[in-house]
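Under this note's numbering, think of the first position of the sequence shown as 418, with each following residue one higher.
Backbone N, C-alpha and C fix where the C-beta goes; we use that ideal spot for every residue, glycine too.
Comments concern the structure below.
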Amino acid sequence: MKIIYFFQKIKNQPKLYNRIRKNFVRISSELNLYIFNGKARPMYSIRHSVAKKRFKETGSLEVVADSINTSVPILKSNYLNEDEQFVLERHKKTYPELYSTKSKTAKKS
(Lines of atoms letter the chains of each structure in order from A and count residues from 1; the text may use other names and numbers.)
(Lines give C-alpha, C1' and ligand atoms only; values in the text may rest on other atoms or scores of the structure.)
Protein backbone atom coordinates (compact mmCIF):
# COMPACT_ATOMS: atom_id res chain seq x y z
CA MET A 1 0.00 0.00 0.00
CA LYS A 2 1.27 3.47 -0.89
CA ILE A 3 1.33 6.01 1.89
CA ILE A 4 0.02 9.38 0.80
CA TYR A 5 1.98 11.79 2.96
CA PHE A 6 -0.41 14.71 2.62
CA PHE A 7 -3.26 12.60 3.98
CA GLN A 8 -1.63 10.50 6.70
CA LYS A 9 -4.70 10.55 8.95
CA ILE A 10 -7.02 9.16 6.26
CA LYS A 11 -7.78 5.53 7.11
CA ASN A 12 -8.67 4.27 3.64
CA GLN A 13 -5.64 5.51 1.70
CA PRO A 14 -6.02 3.08 -1.23
CA LYS A 15 -9.49 4.49 -1.89
CA LEU A 16 -8.14 8.05 -1.69
CA TYR A 17 -5.21 7.21 -4.00
CA ASN A 18 -7.63 5.70 -6.53
CA ARG A 19 -9.80 8.82 -6.39
CA ILE A 20 -6.77 11.07 -6.96
CA ARG A 21 -5.60 8.84 -9.83
CA LYS A 22 -9.03 8.95 -11.51
CA ASN A 23 -9.09 12.74 -11.27
CA PHE A 24 -5.59 12.92 -12.74
CA VAL A 25 -6.66 10.75 -15.69
CA ARG A 26 -9.86 12.75 -16.23
CA ILE A 27 -8.26 16.20 -16.06
CA SER A 28 -5.17 15.33 -18.09
CA SER A 29 -7.41 13.65 -20.71
CA GLU A 30 -9.61 16.75 -20.94
CA LEU A 31 -6.47 18.82 -21.55
CA ASN A 32 -5.15 16.31 -24.12
CA LEU A 33 -2.13 15.66 -21.91
CA TYR A 34 -2.81 12.10 -20.77
CA ILE A 35 -1.32 10.34 -23.80
CA PHE A 36 2.30 11.27 -24.53
CA ASN A 37 4.40 9.52 -27.18
CA GLY A 38 1.66 6.92 -27.50
CA LYS A 39 1.67 6.04 -23.80
CA ALA A 40 -0.47 6.98 -20.81
CA ARG A 41 1.26 9.43 -18.48
CA PRO A 42 1.81 8.32 -14.90
CA MET A 43 0.91 10.71 -12.09
CA TYR A 44 4.56 11.27 -11.20
CA SER A 45 5.10 12.93 -14.60
CA ILE A 46 3.71 16.09 -13.01
CA ARG A 47 6.64 16.07 -10.59
CA HIS A 48 9.11 15.87 -13.48
CA SER A 49 7.38 18.71 -15.32
CA VAL A 50 7.39 20.90 -12.23
CA ALA A 51 11.09 20.21 -11.62
CA LYS A 52 12.02 21.19 -15.17
CA LYS A 53 9.84 24.29 -15.13
CA ARG A 54 11.22 25.47 -11.76
CA PHE A 55 14.79 24.93 -12.94
CA LYS A 56 14.18 26.92 -16.12
CA GLU A 57 12.67 29.72 -14.00
CA THR A 58 15.26 29.81 -11.22
CA GLY A 59 18.39 28.24 -12.70
CA SER A 60 19.14 26.89 -9.23
CA LEU A 61 19.46 23.16 -8.65
CA GLU A 62 19.36 23.72 -4.88
CA VAL A 63 16.07 25.65 -4.98
CA VAL A 64 14.40 23.02 -7.17
CA ALA A 65 15.73 20.07 -5.14
CA ASP A 66 14.47 21.69 -1.95
CA SER A 67 11.06 22.46 -3.45
CA ILE A 68 10.46 18.84 -4.47
CA ASN A 69 12.14 17.42 -1.36
CA THR A 70 15.03 15.61 -3.02
CA SER A 71 18.79 15.95 -3.34
CA VAL A 72 20.66 17.73 -6.12
CA PRO A 73 22.27 14.48 -7.42
CA ILE A 74 18.85 12.76 -7.61
CA LEU A 75 17.35 15.86 -9.22
CA LYS A 76 20.03 15.84 -11.92
CA SER A 77 19.93 12.11 -12.60
CA ASN A 78 16.17 11.50 -12.41
CA TYR A 79 14.45 14.74 -13.31
CA LEU A 80 16.65 16.95 -15.47
CA ASN A 81 18.45 14.53 -17.77
CA GLU A 82 15.78 13.94 -20.36
CA ASP A 83 16.50 15.77 -23.58
CA GLU A 84 19.22 17.50 -25.54
CA GLN A 85 17.13 20.65 -25.92
CA PHE A 86 17.08 21.06 -22.13
CA VAL A 87 20.88 20.72 -21.96
CA LEU A 88 21.28 23.24 -24.80
CA GLU A 89 18.97 25.76 -23.07
CA ARG A 90 20.94 25.37 -19.83
CA HIS A 91 24.23 25.87 -21.69
CA LYS A 92 22.90 29.01 -23.40
CA LYS A 93 21.80 30.38 -20.03
CA THR A 94 25.16 29.60 -18.44
CA TYR A 95 27.29 30.89 -21.34
CA PRO A 96 25.20 33.52 -23.14
CA GLU A 97 28.30 35.16 -24.59
CA LEU A 98 28.81 32.11 -26.81
CA TYR A 99 25.41 32.63 -28.40
CA SER A 100 25.19 36.40 -28.74
CA THR A 101 25.42 37.89 -32.22
CA LYS A 102 27.91 40.53 -31.01
CA SER A 103 30.48 37.95 -29.95
CA LYS A 104 30.15 36.13 -33.29
CA THR A 105 30.73 39.29 -35.31
CA ALA A 106 33.62 40.37 -33.07
CA LYS A 107 35.39 37.07 -33.68
CA LYS A 108 35.07 37.46 -37.46
CA SER A 109 36.80 40.89 -37.43
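Apart from sequence neighbours up to five positions away, the residues of its chain that approach Ser484 with a beta-carbon distance below 7 Å are Arg471, ordered along the chain.
By the Cβ test, the segment 456 to 472 is in contact with the segment 489 to 497, since at least three Cβ pairs between them sit closer than 8 Å. With contacts defined by Cβ atoms closer than 8 Å, Leu492 and Val481 form a contacting pair.
In the structure shown, Lys456 adopts extended strand secondary structure according to DSSP, grouped into three states. The alpha-carbon separation between Ser446 and Ile452 amounts to approximately 8 Å. Cβ contact annotation for Thr475 (same chain, cutoff 7 Å, sequence separation greater than five): Val481, in chain order.
Rounded to whole angstroms, the Cβ separation of Val489 and Leu478 is 5 Å, and the two are in contact under 8 Å.
As the crow flies, the alpha-carbon of Asn440 is around 12 Å from that of Leu448.
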